[in-house]
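>
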Amino acid sequence: MKEYFRHLNKINEQHPFIKKMKESAINNNIPIINDEGLSLIFQLIKITRANYFLEIGTAIAYTAINVALYDENIIVDTIERDKKMYLNALENIKQLSLNDRINIYNHDALDLDIKVLNKKYDIIFIDAAKAQYQKFFEKYESLLSDRGLFVCDNLLFHGLVESDEEIKSRSLRSLVNKIRNFNSWLANNKKYQTVFLNIGDGMAVSIKK
Ligand code: SAH
Ligand code: MG
Numbered sequence: 008m009k010e011y012f013r014h015l016n017k018i019n020e021q022h023p024f025i026k027k028m029k030e031s032a033i034n035n036n037i038p039i040i041n042d043e044g045l046s047l048i049f050q051l052i053k054i055t056r057a058n059y060f061l062e063i064g065t066a067i068a069y070t071a072i073n074v075a076l077y078d079e080n081i082i083v084d085t086i087e088r089d090k091k092m093y094l095n096a097l098e099n100i101k102q103l104s105l106n107d108r109i110n111i112y113n114h115d116a117l118d119l120d121i122k123v124l125n126k127k128y129d130i131i132f133i134d135a136a137k138a139q140y141q142k143f144f145e146k147y148e149s150l151l152s153d154r155g156l157f158v159c160d161n162l163l164f165h166g167l168v169e170s171d172e173e174i175k176s177r178s179l180r181s182l183v184n185k186i187r188n189f190n191s192w193l194a195n196n197k198k199y200q201t202v203f204l205n206i207g208d209g210m211a212v213s214i215k216k
């Protein structure tokens, strides 16, 4: 995004704990959402009057906590497969006493029995293993409310997805191709209207047609 807009999209007043989480994520190379992406999510929460938010890929619960603090009526369900991340997230959630509104599941999102979630979500945020997005999308779409939105993150994958430069590493090339395939699958999905946005690391917002 243009530097000028990036600046305008900065979130000015953040909770001191959020600032600390952000610093720690940056220092430990944990890929949390950036301010622009978060501004978009806040806006979508307002537009949809979201009550239930599902996140696939919690990491340290940076987005989950931001969402819960943004709107005191929101319930966040979030899924994280990595035990260490899960424990870190749980600790952060406890520190802010948000246990009653953020439910974290230490599970692989592709194995979790969706019956345990037992609700319809206004926003489903996909931000986990980049090669599996179509699987996440197809598995969780039955939990999307009628006017609900899917938000997918990192669809540009550090700019590698849009570049036609040759990628040396085979595994990286394969990952980039999978993201490209997902992007065109999503763009051509007849059930959803999708907009791809040059925000953060590339985000898409999809709504049922
Ligand atoms: N949404 C977070 C950042 C998530 S980073 C934020 O913005 O703050 C991606 C996370 O997804 C990592 O912690 C990784 O362990 C987790 N993840 C990857 N694949 C997963 C899967 N299949 N199920 C659950 N979590 C997964
Ligand atoms: Mg992300």
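Just so you know, the sequence shown maps onto residues 8 to 216 in our numbering. Where a beta carbon is used, it is the ideal one built from N, C-alpha and C, also for glycine.
(1) Quick check: the Cα distance between Thr70 and Asp107, rounded to an integer number of angstroms?
(2) Terminal residues of the continuous beta strand (DSSP E) containing Ala68?
(3) Roughly how many angstroms separate the alpha carbons of Tyr140 and Val202, rounded to a whole number?
(4) Relative to the ligand MG, is the shortest distance from any of its heavy atoms to the C-beta of Ile186 smaller than 7 Å?
(5) Just the C-alpha distance for Glu79 and Asp208, rounded to the nearest angstrom, thanks.
(6) In terms of DSSP beta bridges, what is Val183 paired with?
(7) With a threshold of 8 Å, are at least 3 pairs of Cβ atoms found where one atom belongs to the segment 127–144 and the other to the segment 92–111?
(8) Taking 7 Å as the line, does the beta carbon of Ala116 fall inside it for any heavy atom of the ligand SAH?
(9) Would the C-beta of Met92 count as close to the ligand SAH, meaning under 7 Å from any of its heavy atoms?
(10) Is any heavy atom in the ligand SAH found nearer than 7 Å to the beta carbon of Tyr59?
(11) Could you tell me which residues DSSP puts in a beta bridge with Phe203?
(12) Taking Ile86 as the reference, give the member of Ile54, Gln200 and Ala135 with the closest Cα.
(13) On the CB-based measure, 16 or more other CB atoms within 10 Å of its CB, does Glu20 come out buried or exposed?
(14) Could you name the residues that DSSP lists as bridge partners for Leu105?
(15) Suppose the cutoff is 7 Å on Cβ atoms and the five residues either side in sequence are ignored; what does the same chain contact list for Gly44 look like?
(16) What does the alpha-carbon distance come out to for the pair Val74 and Leu204?
According to the data block:
(1) Looking at the two C-alpha atoms, the distance is approximately 16 Å.
(2) Counting along the chain, no beta strand (DSSP E) covers Ala68, and no H or E run does either.
(3) Distance between the alpha carbons of Tyr140 and Val202 is about 16 Å.
(4) Placement of the Cβ of Ile186 at a distance of 7 Å or more from every heavy atom of the ligand MG is found.
(5) Computed Cα separation, rounded: 28 Å.
(6) Beta-bridge pairing links Val183 to no other residue.
(7) Not touching, per the Cβ criterion.
(8) Yes.
(9) At a cut-off of 7 Å, the beta-carbon of Met92 counts as near the ligand SAH: some heavy atom of the ligand is closer than that.
(10) No - the ligand SAH has no heavy atom lying nearer than 7 Å to the Cβ of Tyr59.
(11) Per DSSP, the beta bridge partners of Phe203 are Ala211.
(12) Ranking the options by Cα distance to Ile86, first place goes to Ala135.
(13) Exposed.
(14) DSSP output for Leu105 lists no bridge partner at all.
(15) Excluding residues within five positions, the ones whose Cβ falls inside 7 Å are Asp160, Ile206, Gly207 and Met210.
(16) Each residue's alpha carbon lies about 20 Å from the other.
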